[in-house]
Amino acid sequence: RKMCELKHDSPGEWTITGRQYIAPAYCRLTFHAPAIANQALPGQFVMAFMPSGGKHMLPRPFSIFSADRGRGEVSLFFMVKGPGTELMAGLDRGDCLKLMGPLGKGFPALPKNALLVAGGIGIAPLAFLAASAVRPGLLIYGARTAEHLVCPPDELKLPGLTVVETTEDGSRGYKGTASDLAGRFLPGKEALFACGPVQMLVELNKIRLQAGIPAWFSMEERMACGIGACLGCAVETACGYRRVCRDGPVFPAGEVFFK
Ligand code: FES
-2 RKMCELKHDS
8 PGEWTITGRQ
18 YIAPAYCRLT
28 FHAPAIANQA
38 LPGQFVMAFM
48 PSGGKHMLPR
58 PFSIFSADRG
68 RGEVSLFFMV
78 KGPGTELMAG
88 LDRGDCLKLM
98 GPLGKGFPAL
108 PKNALLVAGG
118 IGIAPLAFLA
128 ASAVRPGLLI
138 YGARTAEHLV
148 CPPDELKLPG
158 LTVVETTEDG
168 SRGYKGTASD
178 LAGRFLPGKE
188 ALFACGPVQM
198 LVELNKIRLQ
208 AGIPAWFSME
218 ERMACGIGAC
228 LGCAVETACG
238 YRRVCRDGPV
248 FPAGEVFFK
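Each step along the sequence shown adds one to the number in this note's numbering, with nothing skipped, and position 30 is 27.
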């Protein structure tokens, strides 16, 4: 396979060791990137610099989907929409991509009796969180339709993890939103961990406040630098403006103001 220059300090060029395209528009890229795999924590992300053809595009943030320290591999799982992700999905085994990371603050350690909620591609950091825990508990995985419940099933076959699927149109699992279902399962849980569309987080915040349960949300924001320098990702929180890339992307739910 083509050898790439491996630098052990970020950012570095890393070789792609696997590409999985999942219909209708999702892609998983696996990289041999030991320096990232060794340090990555669930909820952290990398900035990916676009491949040739997208040289003038800004780097993009991607949640880390899995990290295998033994193999020195990390993977990213993303929706292909727009020229940048199309270029990335066009890469294949042996190609190289420049990644900087791991970046940001991830999730705290999962308590024994937690509820995890993933909406759509928000599954990426939560699958990593579940895989890192001894007893991950219950994961609600919701999407609009069955064809958007695309996480490779093997990634969620974990000891101690129960996955409950839900779709808005009822095409797989329960019929309804992930937050509807979370309302049923949250009472009695110690904490809530979630990532997904803002509307889902808004609903989850109401539910968890009613139940008096602490929560951590991974916020997805557009980022330009990823390292706290440009302030392009600033959000208003109970502690003033915070940078999603540096102070997050995971925040305690009580700090985030939802508009
Ligand atoms: Fe530049 Fe966050 S992306 S400060």
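Glycine residues also receive a C-beta, built at the ideal position from the N, C-alpha and C atoms. All values derive from a computational prediction rather than experimental measurement.
The closest heavy atom of ligand 1 lies 6 Å or more from the beta carbon of M47. In this structure, the beta-carbon distance from P39 to G103 falls below 7 Å. Taking T27 as reference, the option from P21, Q17 and A140 with the minimal CA-CA separation is Q17. Note that the C-beta distance between L84 and M44 is not below 7 Å.
The straight-line gap separating the alpha-carbon atoms of A208 and F182 is approximately 11 Å. Annotated as distal: G119 and C24, with beta-carbon spacing of 7 Å or more. Distance from L178 to A127 at the Cβ level is roughly 17 Å; contact not present, criterion being Cβ atoms closer than 8 Å.
With a threshold of 6 Å, the Cβ atom of R240 counts as near ligand 1, since some heavy atom of the ligand is closer than that. Look at L158: its beta carbon is at least 6 Å from all of the heavy atoms in ligand 1. Taking the Cβ atoms as the reference, M220 lies roughly 5 Å from C242, within the contact range of under 8 Å. With contacts defined by Cβ atoms closer than 7 Å, A188 and A106 do not form a contacting pair.
Contact between the region 141 to 157 and the region 215 to 231 is absent: fewer than three C-beta pairs spanning the two stretches fall below 8 Å. At least one heavy atom of ligand 1 is found less than 6 Å from the C-beta of C222. A distance of 7 Å or more separates the beta carbons of W213 and P184. In this chain, S176 is not harboured by any beta strand (DSSP E); it is covered by the alpha helix (DSSP H) spanning A175 to F182.
If you ignore the 5 residues before and after P194, its C-beta comes within less than 6 Å of the C-beta of G116, all in its own chain and listed in chain order. Inclusion of G229 in the 6 Å shell around ligand 1 follows from its C-beta lying nearer than that to a non-hydrogen atom of the ligand. Going by beta carbons, A37 and V71 fall inside the 7 Å limit. In the DSSP secondary-structure assignment, I118 is not bridged to any residue.
The continuous stretches of alpha helix (DSSP H) do not include Q41, and DSSP gives it neither H nor E.
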